[in-house]
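Asks: All residue numbers for the sequence shown refer to our numbering, where the first residue is 2 and numbers rise by one. Next up is a structure, given as structure tokens.
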Amino acid sequence: MTVPAKPSRAALRRSSRRSEDKIKPVRLAFLDLLGLGLLGLRTRKLRAALSALGISIGVATMVVVTGIPASSQRALTDEITALGSNMLRVQPFSGQPVPVELPEESVDMVRRIKPVTEASAVANTHAVVQRSDLIGDDDFSGTGLSMLAARRDLLRVVGGKVFSGRFFSAADEHFPTAVLGYRAAGRLGIGEIPEHDPAPQIQINKSWFTVIGILHGVPLSDDLDNAVLTGWPAAKKTLRFEGRPTVIYVKAGDAHLEDVRSVLPATVFPEQPGQVQVSRPSDALAAKRATQNTFSSLFLGLAAVALLVGGIGVANTMVISVLERRRDIGLRRALGATRGQIRVQFLTESMGLSLLGALAGTLFGVLADIGYAAYQGWPAVIPLTSVTVGCLGAVLVGMAAGVYPSVRAARLPPTEALAAA
């Protein structure tokens with residue numbers, strides 16, 4: 002009596018495939034496939050959470066290591082911008098045999114240049130400043146101080162700040178009032194403007210001016226530190242000022258600063274543009290551009306490694322899940338589930354793990370970025386590109402991590418899966 006030989010694995014697989022060809026598979030709806038894919042996450046919550054933790058660490062690292070430098074960069078850029086790094090000075094060349102006088106309407110002409118955002122001016126009135134009329138001619142407190150007529154928007158353009166008192170208002174600029182640079186205030190012996198007592202007065206060309214304010218130092222316009230300023234209309238009325246500016250301050254967009262600089266001489270003085278000099282962009286602008294061009298590739302590499310490690314963790318979890326659930330896979334195959342449905346089930350589970358980790362990592366990274374920026378006093382900046390790339394990268398990593406486990410699960414013959422359980 003002959004004993005029939007035990008069928009080989011190849012024969013079992015061929016038999017399984019022939020039986021699948023005879024049975025027409027039932028199409029599952031998308032929601033049914035999604036429910037099957039997320040079944041493993043619902044039944045193994047702790048393992049799913051630990052697996053998603055690797056992905057969340059990678060995404061959180063990417064958000065934090067790009068968000069914190071971006072916040073620091075924004076704070077530094079704002080500080081440099083406040084100094085007036087995008088400001089140019091326009092003035093005639095000094096030492097000319099015939100002094101060059103800019104037209105009275107030159108400031109308005111500069112404002113018509115499209116990239117120019119703001120423009121203001123001062124004018125030297127050549128007036129004599131004295132602390133008091135009781136001081137003799139041998140007093141040198143006013144020596145070296147320039148008496149300038151200033152437009153009301155000057156402080157905003159040059160980035161200056163008031164140390165004590167106030168700057169010119171719409172009413173102040175029409176009356177004999179003065180604002181002192183911080184060095185000029187020291188030379189004149191005026192420390193601060195009292196709030197309740199009468200304001201100090203100085204004599205300018207034998208006329209009395211009330212000091213209403215003292216400025217902080219202006220880093221990129223130190224000529225204003227040694228100046229006594231008065232309003233533009235008041236200078237015309239009291240000091241016989243003709244209204245011709247001697248220095249024009251121009252602010253423009255960083256990207257167009259060189260272009261604006263090239264057209265300024267012909268704009269402010271079309272008759273003799275060669276007699277006009279324009280300052281070169283400040284070194285602070287170069288520093289600002291350097292901070293904008295610097296990007297932390299090392300930190301991004303660290304985030305990518307963390308994301309990759311998280312993906313390996315997801316792949317490891319999915320492979321173990323396939324080994325543990327061979328009986329379930331075999332039962333589903335025996336009941337008519339196709340290999341495609343098995344692949345979709347495990348691929349959906351892998352992507353669900355990655356998406357869960359991506360959302361958790363994004364939330365943690367954003368909160369950490371906001372908290373650290375608030376602690377440092379920086380503006381919080383959340384790079385949307387990093388958040389988007391992190392989430393999409395996590396999903397792609399999860400998809401790649403789930404390919405092999407899903408294919409391996411789909412290739413298990415029902416009889417082999419049931420027999421090995």
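Positions of the beta carbon are idealized from the N, C-alpha and C atoms, including for glycine. Because the structure is a prediction, the values reported are computed rather than measured.
On the DSSP bridge assignment, give the partners of Leu385 in chain order.
Replies: DSSP output for Leu385 lists no bridge partner at all.
Asks: With a cut-off of 8 Å on the beta carbons, I'd call Val269 and Val277 a contact; round off their distance for me.
Replies: 6 Å
Asks: Between the Cα of Pro266 and the Cα atoms of Ile56, Ser57 and Phe94, which residue gives the shortest distance?
Replies: Phe94
Asks: Would you kindly report the start and end of the unbroken alpha helix (DSSP H) that includes Leu181?
Replies: Run containing Leu181: none in the alpha helix (DSSP H); it sits in the beta strand (DSSP E), Thr178 to Leu181.
Asks: Please classify Leu99 as buried or exposed, where buried requires at least 16 neighbouring CB atoms within 10 angstroms.
Replies: Going by the sequence as given, residue 99 is Val instead of Leu. Classification of Val99: exposed, given that the 10 Å Cβ count is below 16.
Asks: What do you reckon, are the CB atoms on Thr247 and Ala120 nearer than 8 Å?
Replies: no
Asks: Is DSSP giving Pro415 helix, strand or coil here?
Replies: helix
Asks: Out of curiosity, what's the CA-to-CA distance linking Thr231 and Val64?
Replies: 51 Å
Asks: Considering Lys237, what are the terminal residues of the alpha helix (DSSP H) in which it resides?
Replies: Trp233 to Thr239
Asks: What did DSSP end up calling Phe365 once you bin it into helix, strand or coil?
Replies: In this structure, Phe365 counts as helix in the three-state DSSP scheme.
Asks: Count the other CB atoms within 10 Å of the CB of Val60; is the residue buried (16 or more) or exposed (fewer)?
Replies: Looking at its Cβ environment, which holds 16 or more other Cβ atoms inside 10 Å, Val60 is buried.
Asks: Would you mind stating whether Ile56 and Ser355 have Cβ atoms separated by less than 8 Å?
Replies: yes
Asks: Here's the rule I'm using: 16 or more other beta-carbon atoms within 10 Å means buried, otherwise exposed. How should Gly372 be labelled?
Replies: Its Cβ having fewer than 16 others within 10 Å, Gly372 is exposed.
Asks: Output yes or no for whether 8 Å exceeds the beta carbon distance between Leu77 and Gly161.
Replies: no
Asks: Under 8 Å, with one C-beta from each stretch per pair, do the region 189-202 and the region 106-119 reach the 3-pair mark?
Replies: no
Asks: Rounded to whole angstroms, what is the Cα-Cα separation between Ala171 and Gly394?
Replies: Note on geometry: alpha-carbon atoms of Ala171 and Gly394 lie some 57 Å from one another.
Asks: Just the C-alpha distance for Leu413 and Gly331, rounded to the nearest angstrom, thanks.
Replies: Approximately 7 Å, taken between the alpha carbons.
Asks: When you compare only the Cα positions, how much space is there between Leu42 and Lys252?
Replies: Across the structure, Leu42 and Lys252 are spaced so that their CA atoms are roughly 58 Å apart.
Asks: CA-CA distance, Glu350 and Ala49?
Replies: 10 Å
Asks: Within 10 Å of its beta-carbon, does Arg344 have 16 or more other beta-carbons around it, so buried, or fewer, so exposed?
Replies: buried
Asks: For Gln97, which three-state DSSP category applies?
Replies: coil
Asks: Applying the 10 Å Cβ sphere with the 16-neighbour rule, what's the burial state of Ala256?
Replies: exposed
Asks: Assuming Leu39 and Gly353 make a contact with CB atoms under 8 Å, what is their CB distance in whole Å?
Replies: 5 Å
Asks: Following the continuous beta strand (DSSP E) through Ala124, name the residue where it begins and the one where it ends.
Replies: Start and end: Val117 to Asn125.
Asks: In this structure, how does DSSP classify Ala253 when only helix, strand and coil are distinguished?
Replies: DSSP places Ala253 within a strand segment (E or B) once states are collapsed to three.
Asks: Could you check the C-alpha separation between Gln92 and Val229 for me, to the nearest Å?
Replies: 19 Å
Asks: Grouping DSSP H, G and I as helix and E and B as strand, with all else coil, what is Ser52?
Replies: helix
Asks: Under the assumption that Ala236 contacts Ala150 (Cβ atoms under 8 Å), give the Cβ distance between them as a whole number of angstroms.
Replies: 3 Å
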